[in-house]
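Colleague: Residues in the sequence shown are numbered from 967 upward in steps of one, following our numbering. Yeah, the Cβ is synthetic: ideal placement off N, Cα and C, and Gly gets one too. All of these numbers come straight from a predicted model, not from anything done at the bench. One structure follows; several queries about it will come next.
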Amino acid sequence: MLSCIQPTGEVHLGNYLGALRNWVSGQHEKDAFHGIVDLHALTITEAPDVVGQATLQLGAVLFAVGLDPDVATVFVQSHVTEHSQLGWIMECQVSFGELSRMTQFKDKSAKREHDFVSAGLFTYPALQAADILLYDTDEVPVGDDQRQHIEITRDIAIRFNHRFGDTFVLPKAVMPKAGARVMDLQDPTSKMSKSAGSDTGLVYLMEDPAAIMKKFKRAVTDSDSEVRFDREAKPGVSNLLEILAACTGESPEALATRYTQYGPLKTDTGEAVVELLRPVQARYTELMADRAELQSLLRKGAAKAGEVAAATLARAQRNIGLLPA
Ligand code: ATP
Ligand code: LTN
């Protein structure tokens, strides 16, 4: 199983409760590979010294939330050079027309109308196909927005196997185990997202407890004053209940019966989040304080990933019939 995350923006509570927590609980069930895909972030990186720092911090977050370097393979994409090498081969197996139909490219390039649109933004799915195929991946847990990229990966793999002989395992997209869906605290009908306009509704994983409490106390609730779990009619209160439920393991419906006022619900939810994050933040601080150790954990991941990736790349090169060096 492979899942990847880009080192862009700070990790927030939605990423944690919706995705990262499942990575941690899933690491013992499957042979799990987790890539920090810095080369993908280069499609929109324009300033020096940004991506490396973001990569290191994201690495610390992944270990801090509980990925165990002895169990899961956590690696940085650019440390495993096979990604770039197979990426080029994949670019030559996908057509201009296929890439032109990718909705993520259409959306992202439209949003960057007045900015630089790199060719990498266009060929991105070829690199993603390399990420996936290098590990003989069976399952890629992704949200809806990535399904098209998994489909094109399958198409590329089928085409390659047909042209050059059986080489790649065909991956499939699987629904990630349902985590909590965390909404913006100021706009509870939109998901908490790092691309939100302002961060007053966004709780960062590494935010200090006082700031977290303040954000919860100012969370938008609903116009009447009844505490009830009803996402449609009461999005603000239901979001708080769902976050509290994700922290305590109880159901949002059961929690709702314990409150008659919004104030205590906000305070309790804020405190539950602070407590949930406290050990994660402590481990993060420790990891960031010993950069050499953190880099060595990432190197260890890259070495494990590299073994698998090198074998797959060599198989692809051999089957194409590139002249051996
Ligand atoms: P953006 O909105 O800028 O695309 P994001 O903050 O949504 O960014 P991603 O990097 O797209 O974050 O997502 C990383 C992972 O976190 C994905 O698995 C995604 O499903 C999950 N995730 C992101 N936001 C939420 C949320 N609000 N609730 C639950 N899961 C989320
Ligand atoms: N495109 C994905 C990130 C990504 C990925 C991958 C996900 C790059 N390579 C391989 C799964 C498997 C995104 O934008 N979230």
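For my contact list, G984 and R1147 are in at a C-beta cut-off of 8 Å; report their separation, rounded to the angstrom.
Modeller: So it is a contact: roughly 6 Å between Cβ atoms.
Colleague: Closest by CA to Q1261, which one among E1273, Q1023 and D1015?
Modeller: Ranking the options by Cα distance to Q1261, first place goes to Q1023.
Colleague: Quick one: Cα of F1029 to Cα of V1246, how far?
Modeller: Each residue's Cα considered, the two are about 9 Å apart.
Colleague: Which value, in whole angstroms, describes the spacing of the CA atoms of V1239 and A1248?
Modeller: Taking the straight line joining both Cα atoms gives about 14 Å.
Colleague: When you compare only the Cα positions, how much space is there between A1271 and A1280?
Modeller: The straight-line gap from Cα to Cα measures roughly 14 Å.
Colleague: Given a cut-off of 8 Å, decide if V1031 and L1264 are closer than it, judged by their beta-carbon atoms.
Modeller: Contact: no.
Colleague: The alpha helix (DSSP H) with H1006 in it runs from where to where?
Modeller: Per DSSP, H1006 belongs to the alpha helix (DSSP H) from D1004 to A1007.
Colleague: If you check the beta carbons only, do K1157 and D1150 fall under 8 Å apart?
Modeller: Cβ distance < 8 Å, so K1157 and D1150 count as in contact.
Colleague: For the alpha helix (DSSP H) containing A1146, name the first residue and the last one.
Modeller: First-last for A1146: undefined, no H or E at that position.
Colleague: In its own chain, which residues sit with a C-beta less than 7 Å from the C-beta of Q993, not counting the 5 before and 5 after it?
Modeller: Result list for Q993: L1033, D1034, V1037 and A1038, in chain order.
Colleague: Quick check: what's the CA-CA separation for M1254 versus S1084?
Modeller: In a straight line, the C-alpha of M1254 is about 32 Å away from that of S1084.
Colleague: Distance check for Q972 and N1127, CA to CA, integer angstroms please.
Modeller: One C-alpha to the other measures close to 29 Å.
Colleague: Just how far apart, CA to CA, sit I1010 and E1259?
Modeller: Near 29 Å, if we compare the C-alpha coordinates of E1259 and I1010.
Colleague: Suppose the cutoff is 7 Å on Cβ atoms and the five residues either side in sequence are ignored; what does the same chain contact list for G1053 look like?
Modeller: Closer than 7 Å at Cβ, skipping near neighbours: A1092, L1093 and A1096.
Colleague: By Cβ distance below 8 Å, which residues in the same chain neighbour T1233 in space, the five residues on each side in sequence not counted?
Modeller: Same-chain partners within the cutoff: M1179, F1182 and K1183.
Colleague: Which residues end up in the neighbourhood of the ligand ATP when you take C-beta atoms closer than 5 Å to any of its heavy atoms?
Modeller: Working through the chain, the matches are G980, N981, G984, A985, G1109, R1147, V1148, K1157, M1158, S1159, K1160 and S1161.
Colleague: Measure the alpha-carbon distance for Q1152 versus V1135 and round it to whole angstroms.
Modeller: Cα-Cα distance, rounded: 44 Å.
Colleague: Run the CB neighbour count on P1154, radius 10 Å, all protein chains shown included, and call it buried at 16 or more, exposed below.
Modeller: P1154 comes out buried.
Colleague: Using 8 Å as the cut-off, can you tell me whether the region 1055–1062 makes contact with the region 1115–1124, which would need three or more C-beta pairs spanning the two stretches below that distance?
Modeller: Yes, the region 1055–1062 is in contact with the region 1115–1124.
Colleague: For the ligand LTN, is there a heavy atom less than 7 Å away from the beta-carbon of C1058?
Modeller: No, the ligand LTN has no heavy atom inside 7 Å of this Cβ.
Colleague: Given this structure, state the Cα-to-Cα distance separating P1175 from G1167, to the nearest angstrom.
Modeller: In a straight line, the C-alpha of P1175 is about 15 Å away from that of G1167.
Colleague: How big is the Cα-Cα spacing for D1081 and S1075?
Modeller: C-alpha separation (whole angstroms): 9 Å.
Colleague: Ignore the nearest five residues each way along the sequence and tell me which others in L1242's own chain have a CB closer than 6 Å to its CB.
Modeller: Closer than 6 Å at Cβ, skipping near neighbours: C1213.
Colleague: Rounded to whole angstroms, how far is the Cβ of A1275 from the Cβ of L1100, which I believe are closer than 8 Å?
Modeller: Contact holds; Cβ gap of about 4 Å.
Colleague: Just the C-alpha distance for G1163 and T1278, rounded to the nearest angstrom, thanks.
Modeller: Whole-angstrom Cα-Cα distance: 42 Å.
Colleague: Is DSSP giving L1231 helix, strand or coil here?
Modeller: Three-state DSSP puts L1231 in a helix.
Colleague: With distance defined between alpha-carbon atoms, name the residue in L1289, Q1283 and F1195 nearest to E1048.
Modeller: The option with the nearest alpha carbon to E1048 is Q1283.
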